[in-house]
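Taking it in order: structure first as structure tokens, then the write-up.
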Amino acid sequence: MAAIQWVYANGCNWVTLDALAQSHIESLWSSCGSSWIQTRSFRSPVYIDISQMLLMCNAICPV
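Counted from 1, the sequence shown has number 60 at position 60 by UniProt numbering; the numbering is strictly sequential.
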């Protein structure tokens, strides 16, 4: 079975989040939660909302 990776859209490209973000998002996924997380993929904290399948950075949703 292949490993699952969380990605976000950047224009027409899909970008894989770093391992730390992957771990935080998996934790949120297991509880259907939402929270601000730290990630090396962005320079500032990002907001993750699992129920909306949303990643927001600097009040901008990159999708």
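Glycine included, every Cβ here is placed at the ideal spot set by N, Cα and C.
- Here alanine 19 carries a helix assignment [DSSP, helix/strand/coil].
- The alpha-carbon of aspartate 18 is positioned some 10 Å away from that of phenylalanine 42.
- Taking 8 Å as the cut-off, the Cβ atoms of glutamine 5 and leucine 20 do not count as close.
- Distance from the CA atom of leucine 28 to the CA atom of methionine 53, rounded to whole angstroms, is 11 Å.
- Excluding five sequence positions before and after methionine 56, the CB atoms of its chain that fall closer than 7 Å to its own CB belong to Val46, Tyr47, given in chain order.
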